[in-house]
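Colleague:
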Amino acid sequence: MRAGEKIKTVRISIVGFGHVGSGVAEVVMRKHDEILRKHGLDLRIVGIADLKGAIIDEGGLSRDEIARFGADGALLDMSSLELIREIEHEVMVEATPTNVTNGEPGLTHIITALNSNRHVVTSNKGPLALEYRKLMELAERKGRELRFEATVGGAMPLISLIRENLAGNGITAIRGILNGTCNYILTRMTNENLPYEHVLREAQEIGIAESDPSKDVEGIDTAVKLVILANSVFGMDATYRDVRVQGITEITPDALKLARDAGYAIKLIGDVDINGRLEVAPRLVPVSDPLNVGGTLNVATIRTDLAGDITVIGKGAGPIEAASAILSDIIAIYS
Amino acid sequence: MRISMDIELKDIPGQLVQALKPVSDLGGNIISVLHQRDKKTASGRIPVQLVFEMEESRLDRLVEKLKAKGMHVVSIGKERLKDSMVVILIGHIVHSDIRDTIERIDSTGFAEVVGLSLSMPGVDKKSSAALVLSAIGKKELKEALKILEETATKKGIMIISPI
Numbered sequence: 021m022r023a024g025e026k027i028k029t030v031r032i033s034i035v036g037f038g039h040v041g042s043g044v045a046e047v048v049m050r051k052h053d054e055i056l057r058k059h060g061l062d063l064r065i066v067g068i069a070d071l072k073g074a075i076i077d078e079g080g081l082s083r084d085e086i087a088r089f090g091a092d093g094a095l096l097d098m099s100s101l102e103l104i105r106e107i108e109h110e111v112m113v114e115a116t117p118t119n120v121t122n123g124e125p126g127l128t129h130i131i132t133a134l135n136s137n138r139h140v141v142t143s144n145k146g147p148l149a150l151e152y153r154k155l156m157e158l159a160e161r162k163g164r165e166l167r168f169e170a171t172v173g174g175a176m177p178l179i180s181l182i183r184e185n186l187a188g189n190g191i192t193a194i195r196g197i198l199n200g201t202c203n204y205i206l207t208r209m210t211n212e213n214l215p216y217e218h219v220l221r222e223a224q225e226i227g228i229a230e231s232d233p234s235k236d237v238e239g240i241d242t243a244v245k246l247v248i249l250a251n252s253v254f255g256m257d258a259t260y261r262d263v264r265v266q267g268i269t270e271i272t273p274d275a276l277k278l279a280r281d282a283g284y285a286i287k288l289i290g291d292v293d294i295n296g297r298l299e300v301a302p303r304l305v306p307v308s309d310p311l312n313v314g315g316t317l318n319v320a321t322i323r324t325d326l327a328g329d330i331t332v333i334g335k336g337a338g339p340i341e342a343a344s345a346i347l348s349d350i351i352a353i354y355s
Numbered sequence: 106m107r108i109s110m111d112i113e114l115k116d117i118p119g120q121l122v123q124a125l126k127p128v129s130d131l132g133g134n135i136i137s138v139l140h141q142r143d144k145k146t147a148s149g150r151i152p153v154q155l156v157f158e159m160e161e162s163r164l165d166r167l168v169e170k171l172k173a174k175g176m177h178v179v180s181i182g183k184e185r186l187k188d189s190m191v192v193i194l195i196g197h198i199v200h201s202d203i204r205d206t207i208e209r210i211d212s213t214g215f216a217e218v219v220g221l222s223l224s225m226p227g228v229d230k231k232s233s234a235a236l237v238l239s240a241i242g243k244k245e246l247k248e249a250l251k252i253l254e255e256t257a258t259k260k261g262i263m264i265i266s267p268i
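First to last, the protein sequences are chains A and B. Start counting the first sequence at 21; every next residue gets the next number (the working numbering). Start counting the second sequence at 106; every next residue gets the next number (the working numbering).
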C-alpha cells in the first residue's frame with residue numbers, strides 16, 4: 021500500500037459453509053494483515069449462513085466465533101437470503117454446492133445479492149452454467165461485479181489471466197483437463213495397469229472422488245466449466261445442455277496401454293473454440309504435449325492470436341485452492 | 106501426392122539442375138534430393154533419389170521431359186497415403202464385426218486402415234484396439250475419422266481420437 025492511501029473496509033458475507041466456505045474464512049483470517057498492508061483492504065467477515073442458520077457481527081466475526089459456527093446452538097434463526105439483504109456488506113461469497121439442474125440455491129443467492137447492491141464472488145458453477153448472460157446483465161445494471169475465477173480450474177488462474185493479462189489478444193480456443201478426479205483416475209490406471217472400478221474405489225477412499233462420483237467421471241463437471249469459459253471468454257450464450265459429453269467410465273487399462281505404445285496418454289479433455297465447438301471427451305494427448313500432466317492436476321492451453329499458445333497448470337480442487345481464487349477475486353474488485 | 110523417384114544422371118556439370126527444373130515447372134514441390142556421387146553405376150552415371158509432391162496426372166509429362174534430356178528414370182514410387190492418425194476403440198469390437206468397419210473406410214478410395222492392434226481380455230469383456238488410419242490428405246483423414254465415428258456409434262463402440 022502506498023503512503024497516503026486510505027484503508028478501505030470490505031465487509032464480506034459467506035453463504036454456504038462447507039469446505040470452500042470455511043476455506044475462505046480461513047484464508048481471509050490468515051491473510052488479513054498482509055492484504056491490509058499490501059492492498060489497503062481491511063477484510064472483515066460480517067456474516068456466515070448456511071442451511072443450519074447464521075451468525076453475524078457487523079464489526080467482523082472473530083476466529084473463535086467462526087470456529088464455533090454450527091458446533092452448538094448459538095445460531096440465529098436467519099435465512100441466507102435475509103442475511104444477504106439485511107446485513108450491510110460489500111461482497112457476498114457464494115459457496116453453496118453446484119446444482120446443474122436449476123442452479124439453486126446459488127442462483128437466488130446471487131440475484132438477491134446483486135439486487136441488494138453487493139458484489140458477488142462465487143465458486144458455484146451451477147448458476148453460471150445455466151444463467152450466465154442474465155446474471156452478468158444484472159450485475160452490469162447494478163454496477164456491481166460478479167466474479168467466478170474459482171469455478172474453473174480452482175487455484176489455476178484462467179479467467180482473469182485471459183481478461184487481464186492477455187487483454188488485447190483474440191482467444192481462438194481453450195482446451196484442457198478441468199477435472200482433477202478424472203485425471204487422477206486415468207493417471208493411476210495408466211501407471212499401475214489397474215481397472216477403472218478398482219482405481220475409483222481407491223480414489224473414494226482417499227477423498228479424491230466423491231461417494232457419488234458421477235458428476236466427475238461422466239464429464240458433467242468438465243462440461244459445466246467449459247460452458248462458463250464459453251460464455252465468459254467466447255461470448256457464447258451456452259448452457260450445460262449444449263455440450264457433447266462423454267466420460268471416462270468405459271476406459272480400459274488395455275486402451276491406455278495401446279495408447280501409450282503409440283505415444284499418447286488418454287485424458288478427459290474439455291474443448292471449446294471460437295467456432296462454437298463445445299465438447300468433453302476422452303482424447304489422445306501426445307506424451308510430449310504440455311497438456312499431458314498427471315495426478316490431480318488441472319491444465320489448460322489457451323490459443324491466442326498474438327501470444328500463441330499459453331498453457332497453465334495448477335491444482336484444480338481443494339478448499340484452500342478454491343479460497344485462493346476467491347480471495348484474488350475479492351482483491352481484484354478493489355484494484 | 107508424394108512421389109519418390111530414382112533417376113541416373115550423366116556425370117557432367119549442370120545435370121542436377123536440369124533434372125529438378127521440370128519438377129518445379131510442373132508445379133511440383135521438392136522435399137528431398139539425395140545426390141549420390143560416390144555410388145556411380147557401372148555405366149558411370151550418378152544415381153539421384155528425389156522425393157517431391159506433385160499431382161499424379163502430371164507425372165507422365167515429367168518422365169517424358171526427363172527422358173528427353175537424356176536422363177534415366179529407374180523407378181517411381183508413389184506414396185499415396187501421406188497423413189495418418191492413431192485412434193483407440195473400446196467396446197465389443199470383434200463381435201460387432203470390425204471387418205465391416207474397416208471395409209467401409211477402405212472402400213472410400215481416399216483412406217485406409219493400415220494398422221490394427223487388438224487386445225481382448227475375455228469373452229464377455231470389452232476389448233480395446235489401436236487403429237491406424239491413413240489418407241491422401243488431412244481433409245480426407247478427418248472424413249475417414251467421421252466415418253469411423255459414425256459406424257462406431259451405431260455399434261456402441263467408443264472412439265478416442267487425438268487432440
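In this text, a Cβ means the ideal position worked out from N, Cα and C, and glycines have one as well.
DSSP on Arg107 of chain B, reduced to helix/strand/coil?
Modeller: Working through the second sequence from its first residue, we reach residue 107 of chain B at position 2. Note: Arg107 of chain B maps to strand in three-state DSSP.
Colleague: Kindly indicate which three-state DSSP category Glu108 of chain A falls into: helix, strand or coil?
Modeller: The residue you call residue 108 of chain A lines up with position 88 of the first sequence. Coil.
Colleague: Sort B:Phe157, B:Met225 and B:Ala249 by Cα distance to Ile210 of chain B and report the nearest one.
Modeller: Against the second sequence, residue 210 of chain B aligns to sequence position 105. The residue with the shortest Cα to Cα distance from Ile210 of chain B is B:Ala249.
Colleague: Can you tell me the Cα-Cα spacing of Thr192 of chain A and Arg323 of chain A, whole angstroms?
Modeller: Residue numbering aside, residue 192 of chain A sits at position 172 when the first sequence is read from its first letter. Residue numbering aside, residue 323 of chain A sits at position 303 when the first sequence is read from its first letter. Between Thr192 of chain A and Arg323 of chain A, the C-alpha separation is close to 6 Å.
Colleague: Look up Ile68 of chain A in the DSSP assignment and say whether it is helix, strand or coil.
Modeller: Position 48 of the first sequence holds residue 68 of chain A. DSSP places Ile68 of chain A in the strand class (E or B) of the three-state scheme.
Colleague: Are the C-beta atoms of Val305 of chain A and some chain B residue less than 7 Å apart?
Modeller: Residue 305 of chain A sits at position 285 when you count from the first residue of the first sequence. So, interface residue.
Colleague: Counting only Cβ pairs nearer than 9 Å, list the residues of chain A close to Val191 of chain B.
Modeller: The count along the second sequence starts at 1 and reaches residue 191 of chain B at position 86. Under the 9 Å cutoff, chain A gives Leu278, Ala279, Ala282, Gly283, Tyr284 and Leu304.
Colleague: Alpha carbon to alpha carbon, how far is Pro302 of chain A from Gln266 of chain A? Give it in angstroms, no decimals.
Modeller: In the first sequence, the residue the question calls residue 266 of chain A occupies position 246. In the first sequence, the residue the question calls residue 302 of chain A occupies position 282. Each residue's alpha carbon lies about 7 Å from the other.
Colleague: Using only CA atoms, which one of B:Val138, B:Ile112 and B:Ile198 lies nearest to Thr146 of chain B?
Modeller: One-based indexing of the second sequence puts residue 146 of chain B at position 41. The shortest C-alpha separation from Thr146 of chain B is found at B:Ile112.
Colleague: If you drop the 5 nearest sequence neighbours on each side, which residues of the same chain put their C-beta closer than 7 Å to that of Pro152 of chain B?
Modeller: For the purposes of this step, residue 152 of chain B is identified with residue 47 of the second sequence, where counting begins at 1. Cβ within range, chain order: Asp111, Glu113, Gln141, Lys144 and Thr146.
Colleague: Does the beta-carbon distance from Ser232 of chain B to Ala275 of chain A come in below 7 Å?
Modeller: The residue labelled residue 232 of chain B in the question sits at position 127 within the second sequence. The residue labelled residue 275 of chain A in the question sits at position 255 within the first sequence. Using a Cβ distance threshold of 7 Å, Ser232 of chain B and Ala275 of chain A do not count as a contacting pair.
Colleague: Give me the DSSP bridge partner(s) of Asn189 of chain A.
Modeller: On the first sequence, position 169 is the one that residue 189 of chain A refers to. DSSP output for Asn189 of chain A lists no bridge partner at all.
Colleague: To be precise: take each residue of the segment 258-276 of chain A, compare its Cβ to all Cβ atoms of chain B, and keep it if any distance is under 8 Å. Which residues remain?
Modeller: Gln266, Glu270, Ile271, Thr272, Asp274 and Ala275
Colleague: Is the segment 333-341 of chain A close to the segment 206-215 of chain A, with three or more CB pairs under 8 Å?
Modeller: no
Colleague: Would you mind telling me which residues of chain B sit closer than 7 Å to Ile289 of chain A, beta carbon to beta carbon, in chain order?
Modeller: Start at 1 with the first residue of the first sequence, and residue 289 of chain A comes out as number 269. The contacting residues are Ile268.
Colleague: Compare the C-beta of Ala235 of chain B against all C-beta atoms of chain A and say whether one is closer than 7 Å.
Modeller: Within the second sequence, numbered from 1, the residue matching residue 235 of chain B stands at position 130. At least one chain A Cβ lies under 7 Å of Ala235 of chain B.
Colleague: Apart from the five residues just before and just after Ile34 of chain A, which ones in its own chain have a Cβ nearer than 7 Å to its Cβ?
Modeller: The residue labelled residue 34 of chain A in the question sits at position 14 within the first sequence. Hits under 7 Å: Gly41, Val44, Ala45, Ile65, Ile68, Val113 and Ala115.
Colleague: Measuring only between beta-carbons, confirm whether Met263 of chain B sits less than 7 Å from chain A.
Modeller: For the purposes of this step, residue 263 of chain B is taken as the residue at position 158 of the second sequence. Taking Cβ atoms only, chain A reaches closer than 7 Å to Met263 of chain B, which makes this a yes.
Colleague: Can you list, in chain order, the residues of its chain whose CB lies under 7 Å from that of Ala240 of chain B, leaving out five sequence neighbours each side?
Modeller: On the second sequence, residue 240 of chain B is found 135 positions in, with the first residue counted as 1. For Ala240 of chain B, where only same-chain residues beyond five positions count, the Cβ hits under 7 Å are Leu186, Asp188, Phe215, Ala216, Leu246 and Ala249.
Colleague: So, does the CB of Ser222 of chain B fall closer than 7 Å to a CB anywhere in chain A?
Modeller: Taking the second sequence and counting its residues from 1, one reaches residue 222 of chain B at position 117. So yes, Ser222 of chain B belongs to the interface.
Colleague: Distance check for Asp257 of chain A and Gly163 of chain A, CA to CA, integer angstroms please.
Modeller: For the purposes of this step, residue 163 of chain A is taken as residue 143 along the first sequence, with counting starting at 1. For the purposes of this step, residue 257 of chain A is taken as residue 237 along the first sequence, with counting starting at 1. So the alpha carbons of these two residues sit roughly 21 Å apart.
Colleague: For chain A, check one thing: does any of its Cβ atoms lie closer than 7 Å to the Cβ of Ile207 of chain B?
Modeller: Taking the second sequence and counting its residues from 1, one reaches residue 207 of chain B at position 102. So, not an interface residue.
Colleague: Kindly provide the ranges of any beta strand (DSSP E) runs that are 3 or more residues long and lie completely inside the segment 129-206 of chain B, ordered along the chain.
Modeller: 134-140, 151-158, 177-184 and 188-196
Colleague: By alpha-carbon positions, which one of A:Gly73, A:Lys287, A:Asp262 and A:Val319 ends up nearest to Thr269 of chain A?
Modeller: By one-based count along the first sequence, residue 269 of chain A stands at place 249. The shortest C-alpha separation from Thr269 of chain A is found at A:Lys287.
Colleague: In whole angstroms, what is the alpha-carbon distance linking Thr170 of chain A and Ala342 of chain A?
Modeller: Locating residue 170 of chain A in the first sequence gives position 150, counting from the first residue. Locating residue 342 of chain A in the first sequence gives position 322, counting from the first residue. In the sequence as presented, Thr is not what sits at residue 170 of chain A; that position holds Ala. Ala170 of chain A and Ala342 of chain A have their C-alpha atoms some 5 Å from each other.
Colleague: Which of helix, strand or coil does DSSP assign to Gly290 of chain A?
Modeller: Stepping through the first sequence from its first residue, residue 290 of chain A is reached at position 270. In the structure shown, Gly290 of chain A sits in a strand (DSSP, three-state: E or B).
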